[in-house]
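Worksheet: the structure to be examined is printed underneath.
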Amino acid sequence: GCQTNCIKTVITRDCCAGYFGHQCQACPGNGMDSCLGNGICQDGINGTGVCVCEEGFAGTACETCIPGHYGIHCDQECACAHGKCKEGINGDGLCECIVGWRGVKCDIEITEDHCNNTCHTSANCISKADGTRICGCAAGFRGNGTFCEAVNACETGNGNCSLNAYCKRTVPGERVCVCQNGYTGDGLVCIEINPCIENNGDCDVNAECTQVGPNQAACNCLSGYEGDGTSCAPLNPCRMKNGGCSEFANCNHTGPNQRSCQCLSSYIGDGFTCKGTIYKELTMNAVSSHFFYQLQLNGVVELGGSGPFTVFVPTSEAIKKEAMLSEWTTKGQMAQILRYHIVACNQLLYNQLVSKKTLTTVHGEPIRFSFVQNVLYVNNDARIVTSDVLNANGVIHFIDKVLVPQRIQVIPKDVLGYKFQNLSTVAAQNGYSLFANLLQETNLLNVINDPVHKPVTLFLPKDSAMRSLPKEQQDFLYNKDNRDKLIEYLKFHIIRDAKIVAVDLPNSNSLKTLQGSDLSVTCGKRRNIVGELYLNKRSCRITQRHLEFDSGIAYGINCLLAPPSLGGRCDVLTTFDIKGDCGSCLNTPSCPSGTKAKNKKEKCTFRGSFHLKVDGCFQQCSVLIWKPKCCSSYFGKDCRACPGGPETPCNSHGTCDDQYTGTGVCTCSAGFNGTACELCPPNRWGPECTLCNCTENGACDDGNDGQGICYCNEGWTGARCETKLVVKPVCSPSCSENAVCKENNKCECKQFYEGDGRNCKVVQLCTQNNGGCSKFSSCSQSGMKVTCRCKDGYSGDGYRCDPIDRCVNEDNGACDEHANCIVTGPNKRKCVCKDNYVGDGLRCSVKKLPINRCLQDNGNCHTNADCTDLHFEDKTIGVFHLRSDKGQYKLNFTEAQMLCTATGAVMSTYNQLHIAQQAGYHMCAAGWIYDKKACYPTTYSNPSCGGGHIGIVDYGVRPNLSETWDVFCYRMKDVQCNCKNGYVGDGYACNGNLLQVLTATNMFSSFLTELLNYSNYTLNGRRFESLLTDLTSKGTLFVPVNSGFNKNVTLSGRDIEYHFSNLSTFLYHNMENGTVIPSRIGHSLLITNKDTAPPSPEFNQQVTKLVNDRSIIAWDIIASNGIIHVIDKPLQAPLEPPKPIAAHVGIGLGLFFTCAVGITLVAVVAYYYYNHKRGPFSFQYFKSDEDTSFENSPPSRFCNPMYNQYTSTESSKDPFSDGQQLATDITEQS
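In my numbering, the protein residues as written are 3 to 1232.
This is the structure we're talking about:
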């Protein structure tokens, strides 16, 4: 290429000699004679203008002598002792004596007045040489001596002060000079004060201060700034017309009234002229306007992409002359012809095209080049007329004819537009029938035509590629048992919901197939395959492009793609023979399950009856098993393709360790190296790693992309640098040490260096195609050596880098044995527990769903209680979220543990949180869990929660337990027991009505027996029993314990009802001494106190109260309709008074009651017989309407020996007549 030499003129401001300051003001002195020649001025642009005087001189301009000196060199010293010396540059050193002194040096004191007081008081009497005496005025005075007056030193010539100074008298004959306002100096010399010297005269730092008078200045903003001088702002040229930059450039303000222009990211240029994409620039050139019109008309918009492209554009004149244009448009072929003019993936300049033979176009067919008589032709017909028109995404070369490919698909057109053919027709016309038939047989053709998936992008293997598959692979794929695997293969060739043109295939980061795995398309890199497209980093090439059909677009390929999940499988169906069981030849045992009989029997012996050996037969059986095997050029248990691809394993330059037990390592042939034998060792070049033939006097352009050219050292020439030049060229100025001097004073940089030859710097190879490294590699350069290193997540030699598959390289990717390892990226995977397992994938345990504890023994609640498992009913299954009082994410791990413990809980485990999530727990806030992880559960998709992930959003085990999060705690909730309706208690103990309490307590069995017998035989008994079960009434029942009944003790109905008060419930502490409790029979019960007695055997309670002299040994047993107090002996009811006979009762009424009594006796006898005829006495529980414990079961009858010993079934008389007394006296027991 070319390089521009530029010149920049820089002006440095400075002051001439004798001038100082930014305004170059004159130094003190007379014109060019600064400091009057008696000193040196501090001049220069940064000088102060101060005169540094020579020895003996003084003053602002060194214009006088230091005090006490005189003469033109100020080197004479005055000797006046008591007088005034005529000093200074013009002085003569004479002394004028003061009053009272005389002499040349005024060193003689006048002690006598020889003038007889004739002299003035300011005069001295001086003796002359002739002896006469005269009066002479003293120094500072003038006159005749007899009269003297003070001399006014300012009287003439401003006292020799500067014209810009004030002369002020001091003592006679003396004065001082003071510079006027606005001036500075010693008074003799006064120069104007320049306010600009200090602090820039209070002007802005970006302003120039100009002195306009004594101590007066004007402020003017510097060039590139604007303002009043005291305040200056830089001018921004970008504010007007983009600073003169291109409309497609950014104007960057770089300084006062300065800017730089930089083209936008999608444009190239110098900032003043910026060019966009080829598609955009074609519109701005009349020569290319017709080509652009055709692109737009036929929907070919690829040239607006990122590129790079090399485009051969027919001139507008060439397109207008093309006679076939109308026919191509009618047949729908114009888009294909336009794409035949485009080469993707590369930007090739004219000098690069000269060395090319072919390039593959976006259409898929190649174009050819020939260089004849310094003219470059395309397809031996079209001539390149203008070249190297650079644009943002490529380069344009103008040609003088339209290029036409050999194969063009015809797309019929009707009044409605182009009518695309179906896939089967297109496949048959182009040689892809075998694959299309498989799509139809597996019903995938219907999937492709389903509007849900349209449009599709399809890769069609050639019929020849399908036929060339190894026989084992064909047998494997076409076997009906492997139908599902064949479908996986076919789906791997289909991309749904996308119609992708060829240009966009390499630019897609991932092409998700219908099978679920990704495809990748890459551009050919080597010089001889420019424009080719390859699939999955293999030698599988796209051989035909843009086959459009009614459901999408298809590409022809020369291989069958293997999905990563299956690989190149050639499993073999192997037959194993198995012997069946030996048995009778007449009824031979069948083959084992899963095997098939071969319809062949063989003799055998088996043990028959009495263990005797018997001749018999067995079936010859067989079983078919798929034995795993990889196809050729595939390796490992996943049958992955060998490096270089299965079509060209190890790039055909080595041997791959393939098959099921292989490692996939390439053993390279001599002259090749690299992971896939894709690299050339030093001193070899080209795709075949040809040996360089340069002599030691040159360097070879080696490497895979090298051309084998010899770069000769200085003084050598020839194709191999084998000829030494007779006259060594001489270059002046000399060449760089990294350059070679050539003829005509030309310096040429050495290989891997760039520059003009005088200045050569090493080429930054990593900036060009990543230095030849893989795009998944990091390129580094040291000197001229490039080092390629695969990025994290990839493995290889740097020139070829393949993503690391942890699921394959590690045992199930280090996931749990009950988890699936799923690849999520290079060297990345996620572990997902299988069905019926829970965990983080690294640890999976059997899913244990929470169990309702109420289903087991009613949750330990009473049988008459309703059980509710609060833990099972909890929507979060015991998991809950806690946060610090300080706010969100303020708990480290230890603090989180303590917070859970403070609430009576523990930190949740991963499994507990996972179960809660499955139960519907959603919490978009991360917290610590027991496993030292931070995570949170989600049950619905929310982009703000884990990126929409549903499940456990897991941040993993935290390396720093001081991190702060919230916390998830776990607490097992209790079982809740509530007594059923009609029962009272805490749920763990539930009492029913009074009769149910009696029934449930063994120590009350004797009293219960008496009560039930009373109920069984009398109407009053049944009424009393109903009263005890009636939940609407409340009463107090005194119940004697079994030990209080002596033998043969029975109670009458009156006695039984005497134990009950149905008026109210009386708690033990409310029954005080003298309390009267009305009983059921109308007679009251009396409560009295007694001295403390020892506890009863049944209850460990002190006895302090009596009822009718019976000790109350236990109390306050609550029932749903009353209260029970336990007494040590039964109560005896008072005798019933005799009833008066009613004389007025009529005969009719008497007869009525007689009949009623008779009927009642018959019913009682029948009832008694029915209940006692089948064995010992038993009683039946009756329940109230509110009791639901036996709602769906028949009444239960159960016996109790304790009851039976107190009942008799031998007597047929009714022991419970209403007026019957106790059969025996009850003896008092102490």
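Glycine included, every Cβ here is placed at the ideal spot set by N, Cα and C.
Quick one: measure Cβ to Cβ for residue i and residue j, integer angstroms, because I've assumed they're closer than 8 Å.
i       : j       : result
Gly142  : Ala125  : The pair is not a contact, with the Cβ atoms about 11 Å apart (cut-off 8 Å).
Val1043 : Met1005 : 5 Å
Arg1082 : Asn1110 : About 14 Å separates the two Cβ atoms, so there is no contact after all.
Gly51   : Cys67   : No, Gly51 and Cys67 are not in contact; Cβ-Cβ is about 22 Å, not under 8 Å.
Val505  : Glu304  : 4 Å
Ile280  : Gly396  : 5 Å
Phe314  : His399  : 5 Å
Val959  : Cys947  : The Cβ separation is near 21 Å, so there is no contact.
Cys833  : Asp813  : The Cβ separation is near 12 Å, so there is no contact.
Between residue i and chain B, is there a C-beta pair that is closer than 8 Å?
i      : result
Cys846 : Of the protein chains in this structure there is only one, and it is not chain B.
For residue i, count the other beta carbons within 10 Å of its own beta carbon; 16 or more makes it buried, fewer makes it exposed. Which is it?
i       : result
Met1073 : buried
Thr1234 : Because residue 1234 is not part of the residues shown, which for the chain are 3 to 1232, the question remains open.
Phe1047 : buried
Gly1076 : exposed
Asp976  : exposed
Ala19   : exposed
Asp933  : buried
Tyr480  : exposed
Gln1103 : exposed
Cys1298 : Outside the shown range of the chain (3 to 1232) lies residue 1298, about which nothing can therefore be said.
Tyr491  : buried
Tyr923  : buried
Asn196  : buried
Gly1150 : At Gly1150, the pLDDT of 48 sits below 50, so the modelled position is not reliable; the number obtained from the coordinates is stated separately. It is exposed - the Cβ of Gly1150 has fewer than 16 other Cβ atoms within 10 Å.
Pro1136 : exposed
I need the straight-line Cα distance from residue i to residue j, nearest angstrom please.
i       : j       : result
Tyr2    : Val574  : The question about residue 2 has no answer here: the residues shown for the chain are numbered 3 through 1232.
Thr1237 : Tyr972  : Lying before the first or after the last residue shown, residue 1237 is absent from the chain, which here runs from 3 to 1232.
Gly710  : Val12   : 47 Å
Cys223  : Ser389  : 50 Å
Ser466  : Lys473  : 14 Å
Lys359  : Thr459  : 31 Å
Gly526  : Ala928  : 48 Å
Ala219  : Thr275  : 45 Å
Ile531  : Leu361  : 7 Å
Cys869  : Pro805  : 58 Å
Tyr1016 : Leu1000 : 15 Å
Glu114  : Gly102  : 10 Å
Measure the CB-CB distance between residue i and residue j and report whether it falls below 8 Å.
i       : j       : result
Glu680  : Tyr801  : yes
Gly720  : Lys730  : no
Ser519  : Pro594  : no
Val1105 : Ile1089 : no
Glu89   : Tyr72   : yes
Leu893  : Phe970  : no
Asn699  : Asn715  : yes
Thr677  : Gly774  : no
Ala155  : Gly189  : no
Thr515  : Lys501  : no
Gln475  : Cys633  : yes
Between which two residues does the beta strand (DSSP E) carrying residue i extend?
i      : result
Cys192 : 192 to 194
Cys29  : No beta strand (DSSP E) holds Cys29; DSSP gives it neither H nor E.
Tyr796 : 796 to 798
Arg469 : Where Arg469 is concerned, there is no enclosing beta strand (DSSP E), although the alpha helix (DSSP H) it sits in stretches over 465 to 469.
Cys902 : Here Cys902 belongs to no beta strand (DSSP E); instead the alpha helix (DSSP H) covers 895 to 904.
Ends of the alpha helix (DSSP H) at residue i?
i      : result
Val449 : 446 to 451
Asn811 : 808 to 811
His864 : It is not in any alpha helix (DSSP H) - His864 carries neither H nor E in the DSSP assignment.
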